[in-house]
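Numbering (numbering that gives the first Met the number 0), first residue to last: 0 to 54.
Here is the structure we will look at.
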Amino acid sequence: MGVREFLRSAAAIFRLAHKSDKDEFMLYLKLVGLGVAVVGAIGFLIKLIGSIFFG
């Protein structure tokens with residue numbers, strides 16, 4: 000991929016992109032927060048199970 004092709008691709012992406020409104024932003028914020036909480040809970044459970052079995 001040359002520089003010219005990269006610039007065309009980047010320009011196409013910028014044409015498709017749009018600024019999200021408040022409702023869309025809040026939805027993404029909730030989803031990201033939920034994902035962080037789920038990953039944290041999984042890590043906590045792994046740590047808890049490891050400490051139970053291996054002291």
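Note that beta-carbon positions come from the ideal geometry of N, C-alpha and C, so glycine has one too.
Classify LYS29 as helix, strand or coil using the three-state DSSP reduction.
As a first step, residue 29 must be located in the sequence shown, where it is residue number 30. In the structure shown, LYS29 sits in a helix (DSSP, three-state: H, G or I).
**Prompt:** How big is the Cα-Cα spacing for ARG3 and ALA10?
**Reply:** In the sequence shown, the residue the question calls residue 3 occupies position 4. In the sequence shown, the residue the question calls residue 10 occupies position 11. Near 11 Å, if we compare the C-alpha coordinates of ALA10 and ARG3.
Span separating the alpha-carbon of ILE12 from that of SER19
Position 13 of the sequence shown, counted from the first residue, corresponds to residue 12. Position 20 of the sequence shown, counted from the first residue, corresponds to residue 19. Spanning the two alpha carbons is a distance of roughly 15 Å.
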